[in-house]
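Chemist:
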């Protein structure tokens, strides 16, 4: 039988076979579109049958004997089409083997585990392995490599902790030489500042900066960079606060290396009347904190011996043992109103910063009644550094924290802060700070783990005025992603983190930004073998 359709789709003629012609002619009316659609539908189903045939043939070649044609079509076209899900080609037994936990002791003393991917592939090629044996071998190799990677990472953190916590012999040498010079050379014992400049120390028409440090070289870099970049250095007053043991070397250095016309004051804590009167809350808190840490942490060996915690958690705990977190220099900023009762506004600088711009415009910033002018650390192009919120520092699983603060509030940074001391004296910020430090001690350090920033975030909560990020670039001491070009454009760069620029573990491409403010031909610098790199 033959079917003839006229080109206009208006006539259909059927010719039966076997030599007998029977003519059937159908005249189609005005329903032209319907028959045209019928024609295209026939073409579509013809193509579809061929497509299904090809897919079923491929399935047969791949050994998918249990897959029906429509089912295979569904699998090819996507999940849930024609009633089928997209199945995995990995045998179920492999999932079962890989999901089974493997203890550390099970791999001890084993010499048959491949050490590299190349050894593993050679074993697979040379041995006929079923799916289960393949999964067992793979699990053992990956687990062994994970253990070695974890141990190497923890050792790296431990070595960095030791390196960052110790005093380099060059800095120790510098302190000893300056102390000797202080005792034998009258020029190294000058009153700082000179008597005729003393009135400027309480004159609020000057720009007052405060630096607390027990590191002579670091303090020298901060002072040099501050004064060299100042447009009006004669209006700059730098108040350097140090401890008793560092006072003589610090005074000797700045006596022998004056930064005129800027005014430099060097004082030890015991020179402040307020500090010498009797009980000082920050000192009492530090003593308690040290006792609790020694009992609670168990030292670096106990931290490293923990086999269950992730390396970055171990790194954070090691950082809590750093001496700087128990240094009075790190806590003293909370008492600035008492230390400088005559001043209205100061800029507080950490000793691991470098000033690259004139900082006098900071006094033109309207603080809107706030106490602390700081850079926020939850916004910025560098997502590694500028992604810090309150939940990054405070333990929100503790009810004292979760009931009083919001985890996604933006954090801010210490290092370069504008403090309105007039506004501060009208608040209870210092009292709040010490209250929360006490609460943390009572809770076995469970509210936060390290540093003075967490209690600072709490004490200054609601008292922070956000300033432009230009004034404070962070992170140069714990990650090397910051480019030299970007760092050079910031007003102040901060080497916060373990890789301080005066240590051997400093990032070599960033260290020149700090080292250029040191005169390496100076006799004290040369005598202690302090070099640019």
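Residue numbers (the working numbering): 1412 to 1944. Backbone N, C-alpha and C define an ideal beta-carbon position, used for all residues, glycine too.
Taking residue 1519 as the reference, which of 1921, 1555 and 1631 has the closest Cα?
Modeler: As a working note, residue 1519 is residue 108 in the chain shown. That would be 1555, whose Cα lies nearest to the Cα of residue 1519.
Chemist: Under 8 Å, with one C-beta from each stretch per pair, do the stretch 1753-1770 and the stretch 1822-1836 reach the 3-pair mark?
Modeler: As far as the Cβ criterion goes, the stretch 1753-1770 touches the stretch 1822-1836, which means the pair count is three or higher.
Chemist: Quick one: grab the DSSP three-state call for residue 1760.
Modeler: In the chain shown, the residue the question calls residue 1760 occupies position 349. Of the three classes helix, strand and coil, the one that applies to residue 1760 here is strand, per DSSP.
Chemist: Give every residue of the same chain whose Cβ lies closer than 6 Å to the Cβ of residue 1921, excluding the five residues on either side of it in the sequence, and list them in chain order.
Modeler: To locate residue 1921, count along the chain shown from 1; it is residue 510. Hits under 6 Å: 1887.
Chemist: Measuring alpha carbon to alpha carbon, tell me which residue in 1617, 1907 and 1594 is nearest residue 1629.
Modeler: Counted from its first residue, the chain shown places residue 1629 at position 218. Per the Cα distances, 1907.
Chemist: How is residue 1933 classed by DSSP in three states: helix, strand or coil?
Modeler: Within the chain shown, the letter at position 522 stands for residue 1933. Reduced to three states, the DSSP call for residue 1933 is coil.
Chemist: Kindly indicate which three-state DSSP category residue 1544 falls into: helix, strand or coil?
Modeler: The count along the chain shown starts at 1 and reaches residue 1544 at position 133. Reduced to three states, the DSSP call for residue 1544 is helix.
Chemist: Could you check what DSSP says for residue 1904 in three-state terms: helix, strand or coil?
Modeler: Numbered from 1 along the chain shown, position 493 holds the residue referred to as residue 1904. Strand.
Chemist: DSSP on residue 1939, reduced to helix/strand/coil?
Modeler: As a working mapping, residue 1939 is identified with position 528 in the chain shown. Coil, per DSSP.
Chemist: Skipping 5 residues on each side, what residues in its chain have a beta carbon closer than 6 Å to that of residue 1625?
Modeler: Taking the first residue of the chain shown as position 1, residue 1625 is located at position 214. Only 1653, 1654, 1657 and 1740 meet the Cβ criterion.
Chemist: Which value, in whole angstroms, describes the spacing of the CA atoms of residue 1547 and residue 1573?
Modeler: Here the question's residue 1547 lines up with position 136 in the chain shown. Here the question's residue 1573 lines up with position 162 in the chain shown. If you take the alpha carbons of residue 1547 and residue 1573, they lie about 39 Å apart.
Chemist: Specify whether the stretch 1763-1775 and the stretch 1814-1823 touch according to this definition: at least 3 beta carbon pairs, one from each stretch, less than 8 Å apart.
Modeler: Because the criterion of three Cβ pairs below 8 Å is not met, the stretch 1763-1775 and the stretch 1814-1823 do not touch.
Chemist: Quick one: what does DSSP say residue 1524 is sitting in, helix, strand or coil?
Modeler: By 1-based counting over the chain shown, the position of residue 1524 is 113. DSSP places residue 1524 in coil when its eight states are reduced to three.
Chemist: In angstroms with no decimal places, state the Cα-to-Cα distance between residue 1668 and residue 1935.
Modeler: Reading the chain shown from its first residue, position 257 is the one you call residue 1668. Reading the chain shown from its first residue, position 524 is the one you call residue 1935. Their Cα atoms are separated by approximately 11 Å.
Chemist: In chain order, what are the residue ranges of uninterrupted beta strand (DSSP E) at least 3 long that sit wholly in the stretch 1862-1901?
Modeler: Counting only runs of 3 or more, we get 1875-1877.
Chemist: For the stretch 1717-1724 against the stretch 1795-1813, do three or more pairs of beta-carbon atoms, one drawn from each stretch, fall closer than 8 Å, so that the two count as touching?
Modeler: The stretch 1717-1724 vs the stretch 1795-1813: no contact.
Chemist: Using the Cα positions of residue 1779 and residue 1840, report the straight-line distance between them to the nearest angstrom.
Modeler: Locating residue 1779 in the chain shown gives position 368, counting from the first residue. Locating residue 1840 in the chain shown gives position 429, counting from the first residue. If you take the alpha carbons of residue 1779 and residue 1840, they lie about 17 Å apart.
Chemist: Just curious, the alpha helix (DSSP H) that residue 1812 is in, first and last residue?
Modeler: In the chain shown, counting from the first residue as 1, residue 1812 sits at position 401. Segment 1810-1813, the alpha helix (DSSP H) holding residue 1812.
Chemist: Using only alpha-carbon positions, find the residue among 1564, 1611 and 1923 that is nearest to residue 1753.
Modeler: Looking up residue 1753 in the chain shown gives position 342. It is 1611 whose Cα lies nearest to the Cα of residue 1753.
Chemist: What three-state label does DSSP hand residue 1765 in the structure shown?
Modeler: In the chain shown, counting from the first residue as 1, residue 1765 sits at position 354. Strand, per DSSP.
Chemist: For the structure I just gave you, are there three or more beta carbon pairs, one from the stretch 1861-1869 and one from the stretch 1881-1900, closer than 8 Å?
Modeler: Segments in contact, no.
Chemist: Between the Cα of residue 1791 and those of 1885, 1751, 1728 and 1848, spot the shortest distance and give me the residue it belongs to.
Modeler: Indexing the chain shown from 1 puts residue 1791 at position 380. The shortest C-alpha separation from residue 1791 is found at 1885.
Chemist: Taking the C-alpha atoms as reference points, what is the distance between residue 1618 and residue 1559?
Modeler: In the chain shown, residue 1618 corresponds to position 207, counting from 1. In the chain shown, residue 1559 corresponds to position 148, counting from 1. Whole-angstrom Cα-Cα distance: 54 Å.
Chemist: Ignore the nearest five residues each way along the sequence and tell me which others in residue 1798's own chain have a CB closer than 7 Å to its CB.
Modeler: Counting from 1 along the chain shown, the entry for residue 1798 is found at position 387. Here the set comprises 1789.
Chemist: Look up residue 1491 in the DSSP assignment and say whether it is helix, strand or coil.
Modeler: Along the chain shown, one-based indexing puts residue 1491 at 80. In this prediction, residue 1491 has a pLDDT of 46, which is less than 50 and means its spatial position is unreliable; nothing more can be read from the coordinates.
Chemist: Identify every residue that forms a DSSP beta bridge with residue 1775.
Modeler: Counted from its first residue, the chain shown places residue 1775 at position 364. Residue 1775 pairs with nothing; no bridge assigned.
Chemist: How should residue 1826 be labelled, buried or exposed, when 16 other C-beta atoms within 10 angstroms of its C-beta is the threshold for buried?
Modeler: As a working mapping, residue 1826 is identified with position 415 in the chain shown. That one is buried.
Chemist: Kindly indicate which three-state DSSP category residue 1974 falls into: helix, strand or coil?
Modeler: This structure cannot settle anything about residue 1974, because the visible part of the chain is limited to 1412 through 1944.
Chemist: Using the C-alpha atoms, what's the distance from residue 1591 back to residue 1677?
Modeler: The residue you call residue 1677 lines up with position 266 of the chain shown. The residue you call residue 1591 lines up with position 180 of the chain shown. The alpha-carbon atoms of residue 1677 and residue 1591 are separated by roughly 18 Å.
Chemist: Find out if the Cβ-Cβ distance for the pair residue 1847, residue 1785 is shorter than 9 Å.
Modeler: Along the chain shown, one-based indexing puts residue 1847 at 436. Along the chain shown, one-based indexing puts residue 1785 at 374. No, they are not a contact pair.
Chemist: Could you tell me the boundaries of the beta strand (DSSP E) in which residue 1619 lies?
Modeler: Here the question's residue 1619 lines up with position 208 in the chain shown. First-last of the beta strand (DSSP E) with residue 1619: 1618-1623.
Chemist: If you run the structure through DSSP and keep just helix, strand and coil, what is residue 1823?
Modeler: Within the chain shown, numbered from 1, the residue matching residue 1823 stands at position 412. DSSP places residue 1823 in strand when its eight states are reduced to three.
Chemist: Helix, strand or coil for residue 1634 per DSSP?
Modeler: In the chain shown, residue 1634 corresponds to position 223, counting from 1. Correct three-state label for residue 1634: helix.
Chemist: For residue 1931, which of 1601, 1585 and 1796 has the nearest alpha-carbon?
Modeler: Mapped onto the chain shown, residue 1931 falls at position 520. Here the closest residue by C-alpha is 1585.
Chemist: Would residue 1744 be called buried (16 or more neighbouring beta carbons within 10 Å of its own) or exposed?
Modeler: For this step, residue 1744 is matched to residue 333 along the chain shown. Buried, by the Cβ-count rule.
Chemist: Please report the distance separating the alpha-carbon of residue 1589 from that of residue 1525.
Modeler: The residue you call residue 1589 lines up with position 178 of the chain shown. The residue you call residue 1525 lines up with position 114 of the chain shown. Taking the straight line from one Cα to the other gives about 58 Å.
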